[in-house]
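This report refers to the structure that appears directly beneath it.
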Amino acid sequence: MKILVAVKRVVDANFRVRVKPDGSGVELDNVKMSMNPFDEIAVEEAVRLKEAGIATEIVVVSIGPAKAEDTLRQALAMGADRAILVVHDGRTDSLGVAKALAVIARNESPDLILLGKQAIDDDTNAAGQMLAALLLCGQATFASKVAIADGKATVTREVDGGLQTLELRLPAVVTADLRLNTPRFTALPNIIKARSKPLAKTTAADLGVDLTPRLKTLRVEEPPARKAGELLASVDDLIAKLRAAEVLP
Amino acid sequence: MILVLGDGAATAHALTAAKQLGGDEIHILNLPPNLLAEPIAQVILTLDGYDAIVSPATSTGKNVLPRVAALLDVMLISDIIEVVSPDTFKRPTYAGNAIETVQSTDAKKVITVRASAFPPSSLEGIKIVEVGPSETTWSKVISEEALASAGPELGSAKVVVSGGRAFGSKEKFDELLQPLAAKLNAAIGASRAAVDSGYAANDLQVGQTGKIVAPDLYVAIGISGAIQHLAGMKSSKVIVAINSDPQAPIFGVADYGLVGDLFTLVPELTSKI
Chain A
480 MKILVAVKRV
490 VDANFRVRVK
500 PDGSGVELDN
510 VKMSMNPFDE
520 IAVEEAVRLK
530 EAGIATEIVV
540 VSIGPAKAED
550 TLRQALAMGA
560 DRAILVVHDG
570 RTDSLGVAKA
580 LAVIARNESP
590 DLILLGKQAI
600 DDDTNAAGQM
610 LAALLLCGQA
620 TFASKVAIAD
630 GKATVTREVD
640 GGLQTLELRL
650 PAVVTADLRL
660 NTPRFTALPN
670 IIKARSKPLA
680 KTTAADLGVD
690 LTPRLKTLRV
700 EEPPARKAGE
710 LLASVDDLIA
720 KLRAAEVLP
Chain B
7 MILVLGDGAA
17 TAHALTAAKQ
27 LGGDEIHILN
37 LPPNLLAEPI
47 AQVILTLDGY
57 DAIVSPATST
67 GKNVLPRVAA
77 LLDVMLISDI
87 IEVVSPDTFK
97 RPTYAGNAIE
107 TVQSTDAKKV
117 ITVRASAFPP
127 SSLEGIKIVE
137 VGPSETTWSK
147 VISEEALASA
157 GPELGSAKVV
167 VSGGRAFGSK
177 EKFDELLQPL
187 AAKLNAAIGA
197 SRAAVDSGYA
207 ANDLQVGQTG
217 KIVAPDLYVA
227 IGISGAIQHL
237 AGMKSSKVIV
247 AINSDPQAPI
257 FGVADYGLVG
267 DLFTLVPELT
277 SKI
């Protein structure tokens, strides 16, 4: 079984971004970049399926600047077999990304496509669902458990009010939620080995896809700041303050 | 004409956003339970004449509308917090640290709405569109596990009390938070760390990728305040933080803070209100 995993290079989850003073975007110079944490979980799940003898090949793909090669190398170090980089500078949106991934999926014919449920930069949460739509296949978003057997995927999803377990015919698209697994630490020998794993480069033009975002970003601004709060000395003080603010009876 | 996906209490909030889009008529699509994204998307494609399709950003809305958008070849406008004009919207990015104003160039708008950012509208007099059960061969539900929760629903509660890893065990989490929540008629929330540690169910997670809440009062107990957690609650009207570490980032967004041991402060608070 072949697995395709899509990964995105994003601002590191622990870094608090700043909005540029001219409102044109966020400051990305000299900012630590990492693999989107949900995508890292998706890669880990693919590697575990390979280690369990279920998957035979893992292909990772990313759409982004030349530097996104680092992100793909990390996925290769985790255990993916080869990588495809769609070199693209500038913004993308989920629809363009899904279209590019759909072309790659048609070329690669994977049995399972794994993605993170959401990129932590634009927070859209759509690429996986859109890819499933374009490929006319089933989707299981927000996955916390994945099992593959007899050409089917059984996926437990985290939904409002509980858990839902689906059975999907393969090929299918699954998007990873936080509790699917804990990604492994990549040891140095694997990082070195990953440098010689195959990485192919292509472009949106080669794929015949237009990555121009459909949403025009007019302005980016800081959220309204909260005024500085105060530390109180006792529970009684707190109750008095909350009564004064009319949030306690 | 605008179609709003009906999904529980959040529908009334999405309706408010839909009204701000203008348009002469709004219909609500009633979804049968257990209907998956694949058949709903197909059903919506057969409904003609809608200029916008709007859903609350619930787990169903987030699952279904991107699929609908891709089938219509339009870009989803996700998790809006403000309608600036019928084609221009504000939405949070980077865990709420940057608010983007985006303009859609697509003829049809497909939008998910952050329920906590819009007050509810009355559903009275709105035409309901019913669809029957349908399925595709791509996927089927084989089981569902409902997580029982007492008290108000987290997404729409006026008061939320949330606990973090500092509780140390599920027993302590329940023993200390449940009486406080009951007294305040509050919903219980949790940090990611508390959910990962098994103190609380996954659908109680407040944060960037969990529930986004904006109650009148949010009480964060034993929660340090990671960026991802703050993204889920910093629009609350009044925020209270109780934490033993005075340097915890949660105090940076709290209106009122108590530094101390939650195991003594929480029972004291519960007994005095």
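If you read the protein sequences in the order shown, they are chains A and B.
Here my numbering is used: position 205 in the first sequence is 684, and no number is missing along the way.
Here my numbering is used: position 247 in the second sequence is 253, and no number is missing along the way.
We treat Cβ as the ideally placed atom computed from N, Cα and C, and that holds for glycine.
What you are looking at is a predicted structure, and each value in this text was computed from that prediction instead of being measured.
- The beta strand (DSSP E) runs of length 3 or more contained entirely in the stretch 571-623 of chain A are, from start to end of the chain, 591-595.
- Taking all protein chains in view, the Cβ of B:ALA152 is surrounded by fewer than 16 other Cβ atoms within 10 Å, so the residue is classified as exposed.
- Looking at the backbone, the Cα of A:GLU646 and that of B:SER140 are separated by about 16 Å.
- According to the DSSP secondary-structure assignment, B:PRO98 is paired through a beta bridge with B:ILE105.
- Runs of alpha helix (DSSP H) with 4 or more residues, each lying fully within the stretch 59-87 of chain B, are found at 65-77, listed in chain order.
- Chain A has a Cβ within less than 8 Å of the Cβ of B:LYS68.
- Chain order gives the chain A residues near B:TYR262 as GLY708, GLU709, LEU710, LEU711, ASP716, LEU717, LYS720, LEU721, ALA724, where near means a beta carbon separation below 9 Å.
- In the same chain as A:GLY504, and ignoring 5 residues on each side of it, the C-beta atoms closer than 6 Å to its own belong to VAL699, in chain order.
- Against chain A, the CB of B:PRO125 has no partner CB under 8 Å away; the residue lies outside that interface.
- Residue burial annotation: B:PRO38 is exposed, with fewer than 16 other C-beta atoms found within 10 angstroms of its C-beta.
- In the DSSP assignment, the residues bridged to A:LEU710 are B:GLY263.
- Under the three-pair Cβ rule at 8 Å, the stretch 175-188 of chain B does not count as touching the stretch 79-91 of chain B.
- Taken in chain order, the complete beta strand (DSSP E) segments of 3 or more residues contained in the stretch 122-158 of chain B are 133-136, 145-152.
- Contact annotation: the stretch 480-487 of chain A touches the stretch 538-545 of chain A, with at least three C-beta pairs closer than 8 Å.
- The Cβ atoms of B:LYS240 and B:VAL259 lie closer than 8 Å to each other.
- In terms of Cβ geometry, B:VAL135 and B:HIS19 do not form a close pair [threshold 8 Å].
- For A:ILE482, the beta-bridge partners assigned by DSSP are A:ILE537, A:LEU591.
- For the alpha helix (DSSP H) assignment, the uninterrupted runs of no fewer than 4 residues enclosed by the stretch 23-52 of chain B are, from N- to C-terminal side, 43-52.
- Here A:PHE517 is buried. Its C-beta has 16 or more other C-beta atoms within 10 Å.
- C-alpha of A:ALA598 to C-alpha of B:GLY28: approximately 31 Å in a straight line.
- In this structure, B:ILE148 places its C-beta atom within 8 Å of the C-beta atom of A:THR644.
- Cβ proximity to chain B below 7 Å picks out ASP572, SER573, LEU574, ALA577 from the stretch 566-588 of chain A.
- For A:VAL653, no CB of chain B lies under 8 Å from its own CB, so it is not counted at the interface with that chain.
- Residue environment: A:GLY569 is assigned as exposed (fewer than 16 neighbouring CB atoms within 10 Å of its CB, all protein chains considered).
- In this structure, B:GLY204 lies near B:LYS176, with their beta-carbon atoms less than 8 Å apart.
- The alpha carbon of A:LYS672 has as its nearest neighbour, out of A:MET557, A:ALA611, A:GLU587, A:ALA651, the alpha carbon of A:MET557.
- Less than 8 Å separates the beta-carbon of B:PRO158 from that of B:ASN191.
- For A:GLU646, the enclosing beta strand (DSSP E) covers residues 641-648.
- In its chain, beyond the 5 residues on either side, LEU727 have a beta carbon closer than 6 Å to the beta carbon of A:LEU721.
- Look at the beta carbons and you see the stretch 633-644 of chain A touching the stretch 618-625 of chain A: at least three pairs across the two are nearer than 8 Å.
- Around the beta-carbon of A:ALA531, fewer than 16 other beta-carbon atoms lie within 10 Å, marking it exposed.
- The three-state reading of DSSP puts B:MET7 in coil, since its state is none of H, G, I, E or B.
- Short of 7 Å from the beta carbon of A:GLN553, and not among the five residues preceding or following it, lie these beta carbons of its own chain, in chain order: MET514, THR665.
- Three or more beta-carbon pairs separated by less than 8 Å are not found between the stretch 705-722 of chain A and the stretch 589-598 of chain A, which leaves the two stretches without contact.
- Judged by beta-carbon spacing, A:VAL510 lies within the 8 Å limit of A:VAL490, meaning their Cβ atoms are closer than that value.
- Within the stretch 598-624 of chain A, the residues whose Cβ lies closer than 9 Å to some Cβ of chain B are ILE599, ASP600, ASP601, ASP602, THR603, ASN604, ALA605, ALA606, GLY607, GLN608, MET609, LEU610, ALA611, ALA612, LEU613, LEU615, CYS616, GLY617, GLN618, ALA619, THR620, PHE621, SER623, listed in chain order.
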